[in-house]
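K.L.:
Counting in numbering that gives the first Met the number 0, the sequence shown runs from 0 upward without gaps.
Note that the Cβ used here is the ideal one computed from N, Cα and C, for glycine as well.
One structure, as structure tokens, below. Some questions next.
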Amino acid sequence: MKQVVVFIRSMKFLGTQIVSYPLLYQIKQFWPDCHLRVVAQDDVGKHYLSLPWVDEFVRANSLGEVFAAMRRQDDLLIVLHFASDKYGVAALLKRPRIRLGFKNRRITDFVWTHSHPKNFGEYMGLGNLRVLAAYRDFDPANAARNAICALAHLAQSVVAPADVVLMPGGGAGDWKRWPIQKYVELADALKIKLIENKAWTVAPKFCFVLGPDEAGEYAWLQSLGRDDFVFLMTQPIFEISKAVMQARLIVANDCGPSHLAQFSGKPYVGVFHEPNREWFWARETSEDVIPADGTTEIGHVAVNDVFKACLKVLNSLK
Numbered sequence: 000m001k002q003v004v005v006f007i008r009s010m011k012f013l014g015t016q017i018v019s020y021p022l023l024y025q026i027k028q029f030w031p032d033c034h035l036r037v038v039a040q041d042d043v044g045k046h047y048l049s050l051p052w053v054d055e056f057v058r059a060n061s062l063g064e065v066f067a068a069m070r071r072q073d074d075l076l077i078v079l080h081f082a083s084d085k086y087g088v089a090a091l092l093k094r095p096r097i098r099l100g101f102k103n104r105r106i107t108d109f110v111w112t113h114s115h116p117k118n119f120g121e122y123m124g125l126g127n128l129r130v131l132a133a134y135r136d137f138d139p140a141n142a143a144r145n146a147i148c149a150l151a152h153l154a155q156s157v158v159a160p161a162d163v164v165l166m167p168g169g170g171a172g173d174w175k176r177w178p179i180q181k182y183v184e185l186a187d188a189l190k191i192k193l194i195e196n197k198a199w200t201v202a203p204k205f206c207f208v209l210g211p212d213e214a215g216e217y218a219w220l221q222s223l224g225r226d227d228f229v230f231l232m233t234q235p236i237f238e239i240s241k242a243v244m245q246a247r248l249i250v251a252n253d254c255g256p257s258h259l260a261q262f263s264g265k266p267y268v269g270v271f272h273e274p275n276r277e278w279f280w281a282r283e284t285s286e287d288v289i290p291a292d293g294t295t296e297i298g299h300v301a302v303n304d305v306f307k308a309c310l311k312v313l314n315s316l317k
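In structure tokens, the structure reads:
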């Protein structure tokens, strides 16, 4: 059985985990019978062992732990770290046969048998996929979309179909949160425009994806009594993926679930306090919106600017 190990970058925020999911999916497409081991610095095993592609999780942070977690007999080593040389040092000493990693002007860049240049203007999820593509070619966009489809098929509960999915989360803090009231204003503007233009034959439904940090927003939204609003509150990634795949449009803050939306390839609008290409996949079906007044106050992002971005990405499909 082929042994594959991936050293992922881990942080406490969900987005850092999700941006590696399509890579793990694609590994299993290439080698369905391989034993896939994921190694992370933090205690994030629950995120990975819940996936259908991961067979083993190991926690390793220090150089000694990293060295112990890396095996000479591994057939394929993939390192997604780009700022630390300890992974390159361990790989140099252990010498797995095929070694994939980022080149980032480090002294251990020469260790990798196949590599992809680290570009901080490139979406992190895409960069991770391109590390694998340096060894065996594939279409990153198709792999990303298929990974989310696979997750959606694992949903255990019924997810009410909604035309527009809204993701107002932002676990890192309020500086990432476009106000929930503006999301409702956006929903109203979209509803009027799409019905007036007969772009959609029936009034759209809106699904709000919310986590434990959005309990207050959830209570306020429920108090509105809107029958065109449905909610996914603290739901697994499988249910969120299903909502995304059923949607025609997704609008999100820079939050963990936004990466499920971006990987799907559906029309997507990201709301940011400042440009952040490392966390935004720029392509024909996506737009990012930042404050037009030159500030970094996300609350200054105008509803009309997000509204126009929504229409633009919807028109990209025509």
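Give me the Cα-Cα distance between alanine 260 and serine 222, rounded to the nearest whole angstrom.
P.N.:
Roughly 27 Å between the two C-alpha positions.
K.L.:
So which of Gln180, Val43, Val158 has the shortest CA-CA distance to phenylalanine 56?
P.N.:
Nearest C-alpha to phenylalanine 56: Val43.
K.L.:
Enumerate, from N- to C-terminal direction, the unbroken alpha helix (DSSP H) stretches of 4 or more residues contained entirely within the region 271-295.
P.N.:
The qualifying runs do not exist here; there are none.
K.L.:
Put alanine 90 into one of helix, strand or coil per three-state DSSP.
P.N.:
If DSSP states are grouped into helix, strand and coil, alanine 90 belongs with the helices.
K.L.:
Starting from isoleucine 297 and walking both ways along the beta strand (DSSP E), at which residues does that stretch end?
P.N.:
Looking at the DSSP string, isoleucine 297 is not in any beta strand (DSSP E), and its letter there is neither H nor E.
K.L.:
With contact counted as at least three CB pairs below 8 Å, one residue from each stretch, are the region 285-304 and the region 253-271 in contact?
P.N.:
These segments touch.
K.L.:
Per DSSP, which residues does leucine 35 bridge with? Please list them.
P.N.:
Leucine 35 is bridged to Val3.
K.L.:
What is the DSSP secondary structure of tyrosine 134, counted as helix, strand or coil?
P.N.:
Coil, per DSSP.
K.L.:
Report back the beta-carbon spacing between alanine 133 and serine 114 to the nearest angstrom; my notes put them in contact at under 8 Å.
P.N.:
So it is a contact: roughly 6 Å between Cβ atoms.
K.L.:
Kindly provide the ranges of any alpha helix (DSSP H) runs that are 4 or more residues long and lie completely inside the region 178-237, ordered along the chain.
P.N.:
The qualifying runs are 179-195, 214-222.
K.L.:
When we look at the beta-carbon of methionine 10 and count the other beta-carbons within 10 Å, is it buried (16 or more) or exposed?
P.N.:
It counts as exposed.
K.L.:
Do you know offhand how far arginine 71's Cα is from arginine 96's?
P.N.:
Arginine 71 and arginine 96: Cα-Cα distance of roughly 8 Å.
K.L.:
Please list, in chain order, all residues of the same chain as phenylalanine 230 whose beta carbon is under 6 Å from its beta carbon, the five residues on each side excluded.
P.N.:
Here the set comprises Phe207.
K.L.:
Give the C-beta separation of alanine 140 and tyrosine 20 to the nearest angstrom, bearing in mind that I take them to be a contact with Cβ-Cβ under 8 Å.
P.N.:
14 Å between Cβ atoms; not a contact.
K.L.:
Would you check if there are 3 or more beta carbon pairs closer than 8 Å linking the region 156-175 to the region 239-257?
P.N.:
Flag = yes, the region 156-175 and the region 239-257 touch.
K.L.:
Kindly indicate which residue of Val183, Thr107, Gly168, Ala281 has the alpha-carbon position closest to the one of alanine 301.
P.N.:
Measuring from the Cα of alanine 301, the nearest candidate turns out to be Val183.
K.L.:
Can you tell me the Cα-Cα spacing of cysteine 148 and arginine 135, whole angstroms?
P.N.:
Spanning the two alpha carbons is a distance of roughly 22 Å.
K.L.:
Which same chain residues, not among the five before or five after glutamate 213, have their C-beta less than 7 Å away from its C-beta?
P.N.:
Answer for glutamate 213: Pro167, Gly168, listed in chain order.
K.L.:
Here's the rule: buried if 16 or more other CB atoms are within 10 angstroms of the residue's CB, otherwise exposed. What is serine 257?
P.N.:
Buried: at least 16 other Cβ atoms inside 10 Å.
K.L.:
Taking 7 Å as the limit between beta carbons, can you name the residues of its chain near lysine 311, skipping five residues before and five after?
P.N.:
If we look at lysine 311 and ignore the five residues flanking it on each side, its Cβ neighbours are Glu286.
K.L.:
Please state if the CB of valine 5 and the CB of isoleucine 77 are separated by a distance shorter than 7 Å.
P.N.:
Against a cut-off of 7 Å, the Cβ pair of valine 5 and isoleucine 77 comes out as a contact.
K.L.:
Using alpha carbons as the reference points, say which of Leu248, Ala67, Phe81 lies closest to lysine 93.
P.N.:
Closest option to lysine 93, Cα to Cα, is Ala67.
K.L.:
Please decide whether glutamate 283 counts as near chain C, where near means a Cβ-Cβ distance under 7 Å.
P.N.:
Checking the listed chains, one finds no chain C in this structure; it contains a single protein chain.
K.L.:
Identify the continuous alpha helix (DSSP H) that holds proline 21 and give its terminal residues.
P.N.:
Note, proline 21: alpha helix (DSSP H), 20-29.
K.L.:
What are the boundary residues of the beta strand (DSSP E) that includes valine 78?
P.N.:
From DSSP, the beta strand (DSSP E) with valine 78 extends over 75-78.
K.L.:
So, do the region 123-132 and the region 186-206 have three or more beta carbon pairs nearer to each other than 8 Å?
P.N.:
These segments do not touch.
K.L.:
Compute the beta-carbon to beta-carbon distance between leucine 150 and phenylalanine 306, rounded to the nearest angstrom, for a pair I have assumed lies under 8 Å.
P.N.:
In fact, because the Cβ distance is near 29 Å, the residues do not count as touching under 8 Å.
K.L.:
Along the alpha helix (DSSP H) that carries glutamate 64, what are the first and last residues, could you check?
P.N.:
62-68 is the span of the alpha helix (DSSP H), which, as asked, contains glutamate 64.
K.L.:
Going along the chain, which residues of its own chain have a beta-carbon closer than 6 Å to the beta-carbon of proline 211, five neighbours each way excluded?
P.N.:
If we look at proline 211 and ignore the five residues flanking it on each side, its Cβ neighbours are Thr233.
K.L.:
Report yes if the CB atom of phenylalanine 237 is closer than 7 Å to the CB atom of phenylalanine 205, and no otherwise.
P.N.:
For phenylalanine 237 and phenylalanine 205, no; Cβs fall outside 7 Å.
K.L.:
Can you tell me whether histidine 152 is helix, strand or coil according to DSSP?
P.N.:
Three-state DSSP puts histidine 152 in coil, outside helix and strand.
K.L.:
Among residues of its own chain, excluding the 5 on either side of methionine 69, which ones have a beta-carbon nearer than 6 Å to its beta-carbon?
P.N.:
Within the same chain, methionine 69 has close Cβ partners Ala89, Lys93.
K.L.:
Just to confirm before moving on: does the CB-CB distance between threonine 107 and glycine 87 stay below 7 Å?
P.N.:
Their beta carbons are under 7 Å apart, which means threonine 107 touches glycine 87 by this criterion.
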